[in-house]
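Residue numbers (this note's numbering), protein chains in the order written: chain A, 1 to 408; chain B, 1001 to 1300; chain C, 2001 to 2433.
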Amino acid sequence: MKKLTQREKLFNFGISLLALGAFPLIWFLSQAILFRELTEIVSRNVLVVIGIIVGSSFVFLLFNGMERLIRLAPRERRDSLEARMFAGPSLFMIGLFLFYPAIRTIYLSFKDRYGKSFNGVENYSWAFSDTEMLVTIRNQIVWLVFVVFFTLLIGLIVGWLSDRLNKGEAFFKSIVFMPMAISAVGATAIFKFIYEYRPPPLTQIGIINGIRVSSGEKCSNNRIIEGVLNDYADPSCNRAIGWLQQRDLSNLQIGETLESGGWLSNLLVNFPLNTVLLLVIMIWAYTGFAAVVFSAGIKAIPADIMEAGQIDGASEIRIFLSIVIPYIKSTIIVVGTYMVVTVLKAFDIIYVSTRGDLETNLLAVKMLDEFSKYRNIGRSSTVAVIIFVCVIPIIVGNALREKESNSL
Amino acid sequence: MTRNNQKWYDKPFTKLILVAIAITWIFPIFGFLLSSFRPPEAIKRTSWWESLYTGEYWTELTLQNYSEVFFAENLSRSFYNSLAITIPSTIIPITIAAFAAYAFAFMDFRGKNFLFMMVVASMIIPLQMSLIPLVQLFKSGIELGGITIIPALDINGTFVATWFAHTGFGLPLATFLLRDFMMGLPRSVIESAKIDGASNMTTFFKLVVPLSISGIAAFATFQFLWVYNDFLVANVFLGVYKPENLVVTSHMSQIVVGLFGEAWHLRLSGAVISMIVPLIVFFSLQRYFIRGLIGGAVKG
Amino acid sequence: MKKRSIFGLLLILSMIAAACGGGSLEGEEVFITGALVGNDAAGFQENFDSFTEETGIIVSFQGSDNFEQEVQIQMESGDTPDIALWPQPGAVVDAAQRGYLVSLEDLGVDMDEYRASFSSYIVGLGEVDGAHYGGAHAFNLKSIVWYQPAEFEARGYSIPSTWDEMIALADQIVADGMTPFCFGMYSNGASGWLATDWMEDIMLRTGEGTATYDKWVSHDIPFNDPVVKNAATFLSQIMHTEGYVVGGTDAIVSTYFGNAQDPMFEKDANGNPGCFMHRQASFITSFWPEAAQAGAGSETTVFPFPAMDDGLPKAALGAGDMFGVFNDRDATIEVVNYMLSNDFFEAAAQRPDNSRIYGHVDFDTSLYSKDITRVLADTITGALAENAFRFDASDLMPPEVGAGSFWKEMMNLAVEGPGYIDTALNNIETSWP
């Protein structure tokens, strides 16, 4: 590579700066100001129409303008400048909307409840000693393990098996995928209806409790037979259970039989039932995503490799383990990474179901609790930083993988 | 490619597992949907499976819950607002991300790997972490050492604030996924286009975008559903104290969750209504969407 | 586009002209947010109809059950409404300490009149360094127990006037094969507040009554003081005595407070109601099944929370909203003065679904749509006059306690049983900032 002259270097730097900073900034500001003014001037309906049309297309002006600018650059430098220009706006927006706030939050995490004076690492020592925080961290780990494992597993099963069908593949995949379209608020409402608990003698309308209380000879879920009310007050009947309020298994029959056992049953009796029932909602919602992506990966396996496996007479499970899994390994890692990140950010489900009560809290909700319920800016920022730190292993892992695939 | 010749695939066992999974998945919605057509008192009086069993369900079917929830004031306005937020919030990040993904996939520049790692790293930053600094940014800009970097914009409570926010939050995943998708395109085709002297802009628009259209559509569906279903960002950046700023989700959450007591009839019908648009989008784009994800594979 | 922007410019100019012209506030908008939703929100908004007609100031109220979080973010961003109606005075004080609010003195509110119309105790709740930031609004009464007179009469039960009588009645009901109390303290994100209410009512009736209560709130006595332990023991007697509560002790934490009372309205196979007594605030009627709501005050009515110490005056526990003001625009000041006047609540009071009680002592209680509301309102004003009204302690304590450890440890106490009392109180004491 030939040495750059001073002038070229300066020129290079100037254009990079324009591409990465100034141009996106101008676009950002002009769109902001344009629509702020429009909001004041035009009526609501017009604003909606203009918003949809102009709001969507305004960004093309940015790339168009940058393209014109690039043409001024010397030909041999154009490529790398253009690369910066292409990547620039994305990096600018990510920087301004994610990194800048993140850095500010890290800064605030060393401050007191008002965000005014520094209080050292006090917030951090609180985060790892406060019982509620420790429970929250435990829940986060439970969520990570269960949600990631089951979405990947069921996703793989559905992706693999539906691919084996001659007919109905799309049907099965879309059923499993459908919950992706439903908002977390909706999904949580759906599951709350299943877990619903009502105090006796009310009819149990949640199906789990409904089945529980009506199993037994003298038990019925308030069914009226020939004008006589049949209820579940008899001592032989199962009690209805507030599923989202059970921190362990001690209220279940299984819990009672486990009580006296060794370490394993001690572990089981502390099984955080409500947390697990809540994370089921997330598995329900995200498995379809995994299934669809895996199915795509499986379809990309060249037919000759699969056929070779079949000719060798390998069993289906063998083909799955020794051909399919290795072939779509990178897809599994991508989906896995995405799921880990999504679980660490999980917020809506807890927020609209229990709001973290009875040891169901997750870090993202805890963060907002600290901000709005306890009005402590410092601690809230600290929790945010912890979420952030949790993913560092993932970043590192991804970096290594990236390096590996580049060196191939 | 067809696999019709692989007759041993259609084993009953395979079907059994799939049917079991499908039933498990559809079941939660089933009872919920059925119950939404029952009168308010009936929902609480008997369980829905009981009413199906006795046949009572069919005699008391009603749309009353839906009309009660739907004719709440100005739901149509909230619906337009949702569209005005969702459409630009889908197109802007995809445009920006597609360009960036192209750069990361096919171009060489200094610090590329590092910058891409930053994109990946940014995926973890929880959006909750960004909310407060961003609201402050939109209100009064950024100042660093007395120098104004971004002036006071005062755009909280306008659509543009939500577009930017959703763009910022959606970009990391969009860039990441689209780059992954583009990496899967046949490199030789792009290389040969470059050798033929096509500029990057031409290659991008004439070759890469058409080839990636299914990947783009796939992400568009994701982003659309995400933005449409979101209520946190809308509440924070649009504000809820001006009724004309409500979106469907925040409106629904006010109607549905905000009501007292055991208003299951409203919760059920309200949740079902709020699911309609995303489900229509999903089912109409689904084939495209799934093909989009599959499209990452080499075309046969 | 061009035409529109010229039109817009003209519109803005004409508005400026109007604003500068006569000093009239016609067309000025004032935004209020709060945690009121549903009927209460509609009632609150309706209060301003006549005001808007008179002054031309357009007031719009937007309630949200997510209010506390939203207003925090709005304050941080500077994008606040004009007035916010908080469900806890503690939050108003906190916002004032952070410098977001304008004091009522600075708004030119006549403080003597304000004090006279809402009592010094209430006014003092919004005080920071001698200035007052919280505007009083509506309250609810918590020191009440709901019951059904017909069911009592049919079984020969009489209304308990002391704690011991209540326990005796409860034992009688258990002996008769039924369940005395409805008790449910689950509440998304706020689970446990029902038990803290019980604690507060007991605290007001034991020790030195309100004096102890005030010391407890201000942490002049520690949370694990014997007086507090005594109160917790009384509460534990209700929660943990076999057969006292619907569904057993385990159900206390599982039952959503909003349908905790439903067993009272439901008959079992023998024709007995699911429970006989339910200690819950006056606002709970809005959570009742529709059929039961009509009978509020007649079929289902209240007796006062029983006395525990003859030497103490009858105390009343309550809670309610306080508003904080973010700016001193003329229109805002108009609204604030209106919100503190005695005719402010007229429209809301007349709504058939209203269960909120306006705090102004001169308010015409005959306007309330329901008899029961009138009775409860008189109880509140009576207690205020005798300085025996106290605000919900958990709303006054620091949020780490009042919305944190106090709630949480009461949930734990319900689950763990009486042996947990000391641990619970010690944990709360440690968490006090």
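Positions of the beta carbon are idealized from the N, C-alpha and C atoms, including for glycine.
Residues of the same chain with a CB within less than 7 Å of the CB of residue 2312(C), apart from the 5 flanking positions on each side, are 2205, 2209 in chain order. Legend: CB atoms of the stretch 361–374 of chain A lying less than 7 Å from CB atoms of chain C belong to residues 368, 371, 372, 373, 374. Within chain A, 357, 358 have C-beta atoms less than 8 Å from the C-beta of residue 2411(C), given in sequence order. For residue 242(A), the closest Cβ of chain C is nearer than 9 Å. For the pair residue 1235(B) and residue 2395(C), the Cα-to-Cα distance works out to about 25 Å. Remark: C-beta atoms of residue 2265(C) and residue 2144(C) do not approach each other more closely than 9 Å. Nearest to residue 2302(C) by C-alpha distance, out of 2386(C), 2281(C), 2318(C), 2369(C), is 2281(C).
Proximity of residue 200(A) to chain C, defined by a Cβ-Cβ separation below 9 Å, is satisfied. Looking at 2122(C), 2343(C), 2245(C), 2244(C), the one whose alpha-carbon comes closest to that of residue 2387(C) is 2122(C).
For residue 1185(B), the secondary structure class from DSSP, reduced to helix, strand or coil, is coil.
Put simply, the CB of residue 1135(B) is near chain C, with a gap under 9 Å to one of its CB atoms. Here residue 1229(B) is buried: its Cβ has 16 or more other Cβ atoms, across all protein chains shown, within 10 Å. A contact is defined here as three or more CB-CB pairs under 8 Å, and the stretch 2037–2047 of chain C meets this definition with respect to the stretch 2347–2358 of chain C.
When C-alpha distances from residue 2192(C) are compared across 2406(C), 2340(C), 2428(C), 2423(C), the shortest belongs to 2406(C).
Put simply, the backbone Cα of residue 116(A) is about 32 Å away from that of residue 141(A). Residue-level contact check: residue 2073(C) touches chain B, since one or more beta carbons of chain B fall below 9 Å from its beta carbon. Of all C-beta pairs linking the stretch 191–211 of chain A to the stretch 2247–2254 of chain C, three or more are shorter than 8 Å, placing the two stretches in contact. Relative to residue 2086(C), the option among 2372(C), 2101(C), 2174(C), 2194(C) whose CA is nearest is 2101(C). In this structure, residue 2317(C) and residue 2392(C) form a Cβ contact; the two beta carbons are roughly 7 Å apart against a cut-off of 8 Å.
Residue 2301(C): member of the beta strand (DSSP E) spanning 2301–2304, first to last residue. Among the CB atoms of chain A, one or more fall inside 9 Å of the CB of residue 2187(C). Nearest CB-CB separation between residue 2089(C) and chain A: not below the 9 Å threshold. In the DSSP assignment, the residues bridged to residue 2086(C) are 2322(C). Bridge partners of residue 1163(B) according to DSSP: none are assigned. Taking CB atoms only, residue 2066(C) has a neighbour in chain B less than 9 Å away. Contact between residue 172(A) and residue 1022(B) holds: CB atoms are separated by about 6 Å, below the 8 Å threshold. The beta carbon of residue 2256(C) is closer than 8 Å to those of 2184, 2186, 2187 in its chain, skipping five residues each way along the sequence. Against chain A, the CB of residue 1235(B) has no partner CB under 9 Å away; the residue lies outside that interface. Setting aside the 5 residues that flank it on each side, residue 2353(C) is surrounded in the same chain by 2039, each with a C-beta closer than 6 Å to its C-beta; the list follows chain order.
Interface residue (Cβ-Cβ distance to chain A less than 9 Å): residue 2370(C) is not classified as such. Among the residues facing chain B, residue 2049(C) is not included, as its CB has no counterpart in that chain under 9 Å away. Residue 2359(C): not part of any alpha helix (DSSP H); DSSP gives it neither H nor E. Taking the CA atoms as reference points, residue 2298(C) sits about 55 Å from residue 1089(B). Taking a Cβ-Cβ threshold of 7 Å, none of the residues of chain A is close to residue 2148(C); the smallest such distance is about 15 Å. In the three-state scheme derived from DSSP, where H, G and I count as helix and E and B as strand, residue 2108(C) is classed as coil. By the rule that beta-carbons nearer than 9 Å mark a contact, residue 141(A) does not touch chain B.
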